[in-house]
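Numbering (my numbering), first residue to last: 32 to 144. We treat Cβ as the ideally placed atom computed from N, Cα and C, and that holds for glycine. Owing to the predicted nature of the structure, the values given are computational and were not obtained by experimental measurement. For reference, the structure is listed below as structure tokens.
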């Protein structure tokens, strides 16, 4: 069955898609940018660059990071970060629902091949 992948172009020069949203979800789950990066098999630097890019695009932090110390560092999503994930997933569900009949028709064309 075909699947739908959503990428949203944001004004003026940003984008958000499944990879960045998954990164935010992993940060929320693990409480750590480095653990999220490891879970997604990407470097810590790349994960941090993506977080900084999202913070820049939205004009406010999506992730609040605490630097390491005796108890180590950590990271959590801000209210904005949680809202971005929630809104993206809602848009994704709406798009999938709206496209379902067309996706089935595409698969029927393949099956009729």
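How about residue i and residue j: are their beta carbons less than 7 Å apart?
i: residue 106; j: residue 58; result: yes
i: residue 126; j: residue 37; result: yes
i: residue 68; j: residue 61; result: no
i: residue 131; j: residue 109; result: no
i: residue 88; j: residue 144; result: no
How would you write the range of the alpha helix (DSSP H) that residue i sits in, first residue to last?
i: residue 55; result: 49–61
i: residue 112; result: 110–143
i: residue 41; result: Counting along the chain, residue 41 falls outside any alpha helix (DSSP H), though it belongs to the beta strand (DSSP E) covering 39–41.
i: residue 70; result: 64–70
i: residue 76; result: 75–89
Identify which residue in the options has its Cα closest to the Cα of residue i.
i: residue 34; options: 143, 136 and 144; result: 136
i: residue 112; options: 77, 124 and 84; result: 84
i: residue 78; options: 92, 93 and 51; result: 51
i: residue 49; options: 141, 124 and 43; result: 124
i: residue 93; options: 56, 133, 40 and 129; result: 56
What is the C-beta distance between residue i and residue j, in whole angstroms, given that I count them as a contact (C-beta under 8 Å)?
i: residue 98; j: residue 104; result: 5 Å
Taking 7 Å as the CB-CB cut-off, is residue i touching chain D?
i: residue 115; result: Within the model displayed, chain D is absent; a lone protein chain is all it includes.
Three or more beta-carbon pairs under 8 Å between the stretch 113–122 and the stretch 65–83, yes or no?
-> no
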